[in-house]
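In what follows, a single structure is set out as structure tokens and then discussed.
Protein chains in written order, with full-length UniProt numbering: chain A, 1 to 623; chain B, 1 to 623.
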């Protein structure tokens, strides 16, 4: 990976930052967040402005360019990647380390007195605007909206915004019709006494209407907004995709409907003016509900007194608790996914010793096996196929320049997943195709102990996921090891592989309590820069637990792994496991054998079945 | 405990809420927080206004009185106590339970349109003002400051504000002179570019000037404010205590000093006008640093643009990290405290079977033994001496109406501590003087496992205490048990027994990272309403840990127990402990024997020494 040369681009950006053509007054700094107008984590190529200007294309990062400086804030997953992808014009700001300044503090320290800091108000979330604006103002600077995105003015070859056909999801997948979802949403709106709800997140629009798209790679979403009133439904979407008869029928666009279920289709670009019209027509006490992460531009369209902002929308929370149809779909998807991985690992065991399998070949092979499964749509994120030192780059994606050959001497880490019409998967396994060292096994075993500690945890109803994060670290901490990322994230149901409002992380305190039916990942790791990476990840379903005393009828929860792929026993130092942990591994492998074994049998994949049987031999612990 | 009859008082309060003598416009609700003008947790009798109006005298709780309703918000420690102390005029709002409304939501649900909600601006913290005011405004109501405290207008027998003599602490106790503390504070002020710092918390004033008082029971503090400029020191304090020659010499009030260390003594009541004068004299960019928990009245004295507010002040943070003199003092205090408790428990073992020892007698006896120790000043909080069902009232204090006799059939819980001139103690032990049931032992052992999990935890430098809270609960959770309070709080050095900015709680996310030298409590528990309470509490010192891999030189921390009092082995079901936990108990008891044994020997307390030896016999675990 050689860094992108950005000298000329930065020069151009600094010119437009002063150009009266684009800014009312010159801005001394310009902030480039990661997201798009929907605050998406994964974005379309036309929205990859931060990557365009800096070269750094990780999923999280904020760039700030001033007249003298260019700085990039990103988190522990991306320290190595960002350092590799950016040239000397850029300073890397490692978030989470003690001495790293916040963006606000840094701006205040470098800006000349009375500066203007520009930002695209369509991309900047309202909650961040508030924080940033306050910090700048108290230091004598101003945060100002710059209507035209300044990167777009210098990005001559910016690709067009995608506008791909939609997929209709029927009731057997979603469990609830879009009409019933609207009814439930309106009842939440009535509870909070709001008259309007603005749907800004792409996955929330998709979930609400039981539609999927492919405008953004890996995320089955489409560019759209929706504004739901007590008697109206407005869907803002471009292109001829509303001409598709299946979509028209699904949305009943041509049927005679009760007016409150009649969907008005409007151009994507008209959201701001329509929202401004809604805002202008409000009477006192009439409120409009928005996510506090909605863009500053849309939030400002509603006069302050009429806004009702919450960190999580009712759609976000409803979407996180999977119903029976969704849960069953997720189970099916994970069984198919495990079949593909058994095929892959069986194939790797044979091929790796020949020295012909690169990271890219392995990733492609994983996709090939997945694509053979029923209802496969696409991958759910860029496959992290990494061997040896590349494994320490937490969100690594192999490219020709970095592509290593798998060998019997290095640890191989594969973090991958897929979108099936019935569910989304995300699984990490760390394998050795030769003989791992004692140290590698030791580290792997601590990570496994952390994985089990979370997966087997029992906790009272109402517990937030962040309270479980330290369980995943305890065994590592005891030996002076740690990892610089959270332990788990919410997973969508044939939707985004990362979704709120729940998760397991030391960083998130605003998460909603875990509830039966929520689905999260459990993925502790350990990374040794320049040497190897280890991560063990299952997607797990929150289920009721049975305990001796049941929390005085408050009830309790635990996790059930949906991912059923063997954890390589060769990497485990059995003597470091307790008997309970050893039993967990054996029970888990027994379940893999039964469930995935039956499916491999059914699909006639006998060689992969033999591999599965061999990989799920029970561990025996010497007392 | 019979409830306080409040019908007449509430009637009077509702009258003054409408009286033009006290309010510009009638207020439809009046909020009564717990604290005093310094946001103290423990308050002087003249400040116990919430207890006066409601009867509920726990340390935490907020009352709100409207024309129709009277409601009290308190946390899990006080659910039972509040229910017992309040009459039917009051509704108990159980904080932390899912269905309990917030104060804001409740107000919005009960108030008539366009209401005014009154509050004493001297008592209401600025951060709460902001939150409450915003929530009320968005629902069409107003939060208004009512200058005269409305309770004071109806509280005819309100006691006067205490004004007791001061204690001078010399360098052997404090380790750092007040001048050096001022220098360090000014350097922090220079770092943040502020010109003034306002000290509002009583323990911060006491710590800064190396003075102690006794204006508030259990907390060695005195009513005062301080305003520190870059070249001036103003101390706002009443009474003739500044006439004390020892105090005058300590503060060098009569010496020829560099002007920047000359202390100007001013009347306590003049803080507001002085601060307003400071505020009026500021030039642009000149800032005044206040805690965001300072009162709304003082915060408003400084125009908004000149305020610099932080959740924790630099004094709060410096005070939390104990220096070598303070740590040694805390060690000495805990050794003396353990001697007193060995005497007490030895005495109880003999006396309880006679049936003559009540909770109050036991608490008095504990105080008597403590008072025999060198440098004893007073207790550090009201002794929780509780047997049987009273143990389930988490912050129980025995009074004649509830006073139970200790017996060989019930669990006894003693949570107590003292102020010594060299340190503050806080220890809980749970004992059975007969034969505990298998269930009682089971619960005790889970609590012990949680206590050990925190005490023996190893974690990287920079970890916040709240990340350790779940370790204390894991063993309880596995069986469906939990406790409704945090696991630990910061402990002062001959100062408040509860202090910030660190702690171990699922509730606090704003805590500062744990650092070597900080001192916190480790006190998980289990409570069975109507039956018994169990809690095991040590005060522990944060110390560097040695680990195999040392977090890539980030360094690691663990805890060292300062409390050295035997944990009753009779209550332990050894078979529920792991070998590691069993070793922890045996090592701990070995240290108790060595350190406390030597002191008991030195003090010639041979009977208590024999008790200690017997109570610290090693546990043997059957494999």
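Glycine included, C-beta positions come from ideal geometry on N, C-alpha and C.
This structure is a prediction, so every number in the text was calculated from the model and none was measured.
- Fewer than three pairs of CB atoms, one per stretch, sit closer than 8 Å, so the region 464-476 of chain A makes no contact with the region 381-398 of chain A.
- C-alpha of residue 385 of chain B to C-alpha of residue 352 of chain B: approximately 14 Å in a straight line.
- Here DSSP, grouped into helix, strand and coil, assigns residue 269 of chain B to helix.
- Ranked by Cα distance from residue 147 of chain A, the options A/25, A/248, A/44 are led by A/25.
- Taken in chain order, the unbroken stretches of alpha helix (DSSP H) that lie wholly in the region 124-207 of chain A and span 4 residues or more are 126-138, 150-154, 171-174, 178-191.
- DSSP, reduced to helix, strand and coil, places residue 443 of chain B within a helical segment of the structure shown.
- Residue 228 of chain A counts as buried, since at least 16 other C-beta atoms from the protein chains shown sit within 10 angstroms of its C-beta.
- Residue 404 of chain A is a Cβ neighbour of residue 359 of chain A, given a cutoff of 9 Å.
- The region 105-124 of chain B makes contact with the region 136-154 of chain B, as at least three CB pairs between them are under 8 Å.
- Fewer than three pairs of CB atoms, one per stretch, sit closer than 8 Å, so the region 194-208 of chain B makes no contact with the region 393-413 of chain B.
- In the three-state scheme derived from DSSP, where H, G and I count as helix and E and B as strand, residue 378 of chain B is classed as strand.
- Contact between the region 51-59 of chain A and the region 239-252 of chain A is absent, with fewer than three C-beta pairs closer than 8 Å.
- The C-beta distance from residue 427 of chain B to residue 563 of chain B rounds to 5 Å, short enough to fall under 8 Å.
- Along the length of the region 390-456 of chain B, whole beta strand (DSSP E) runs at least 3 residues long occupy 411-416, 418-420, 427-432, reported in chain order.
- For a cut-off of 8 Å, the C-beta gap from residue 510 of chain A to residue 284 of chain A is around 30 Å, too long to register as a contact.
- Ranked by how close their Cα comes to the Cα of residue 605 of chain B, the residues B/512, B/29, B/343, B/104 have B/343 in first place.
- Segment contact: the region 547-559 of chain A against the region 580-587 of chain A, fewer than three CB-CB distances shorter than 8 Å; contact not assigned.
- A distance below 9 Å separates the beta carbons of residue 145 of chain B and residue 118 of chain B.
- The Cβ of residue 578 of chain A sits closer than 9 Å to at least one Cβ of chain B.
- When beta bridges are read from the DSSP output, residue 4 of chain A appears opposite A/86.
- Between the alpha carbons of residue 186 of chain B and residue 195 of chain B lies a distance of about 9 Å.
- Residues of chain A with a Cβ closer than 7 Å to the Cβ of residue 506 of chain B are, in chain order, 467.
- Using a Cβ-Cβ distance cut-off of 8 Å, the region 419-433 of chain B and the region 451-469 of chain B are not in contact, since fewer than three pairs of beta carbons, one from each stretch, lie closer than that value.
- Counting C-beta atoms within 10 angstroms of its own C-beta, residue 19 of chain B has fewer than 16 neighbours from the protein chains shown and is therefore classed as exposed.
- Within a 10 Å sphere around the beta-carbon of residue 493 of chain B sit 16 or more other beta-carbons, which makes this residue buried.
- For residue 94 of chain B, the enclosing beta strand (DSSP E) begins and ends at 91-94.
- If you draw a straight line from the Cα of residue 33 of chain A to the Cα of residue 71 of chain B, it comes to about 45 Å.
- Boundaries of the alpha helix (DSSP H) harbouring residue 53 of chain B: 49-54, taken from the DSSP string.
- For residue 511 of chain B, the three-state secondary structure derived from DSSP is coil.
- Beta-carbon to beta-carbon, residue 83 of chain B and residue 92 of chain B are separated by about 6 Å, close enough to satisfy the 8 Å threshold.
- Counted as a single uninterrupted DSSP element, the stretch harbouring residue 592 of chain A is not any beta strand (DSSP E) but the alpha helix (DSSP H) occupying residues 579-602.
- A contact is defined here as three or more CB-CB pairs under 8 Å, and the region 206-225 of chain A meets this definition with respect to the region 163-180 of chain A.
- Around residue 459 of chain A, the beta-carbon contacts reaching into chain B at under 7 Å are 477.
- For residue 110 of chain B, the uninterrupted alpha helix (DSSP H) run begins and ends at 103-110, by DSSP.
- When 7 Å is used as the limit between beta carbons, residue 556 of chain B is near these residues of chain A: 480, in chain order.
- Within chain B, the residues 479, 480, 481 have their CB atoms less than 7 Å from the CB of residue 549 of chain A, given in chain order.
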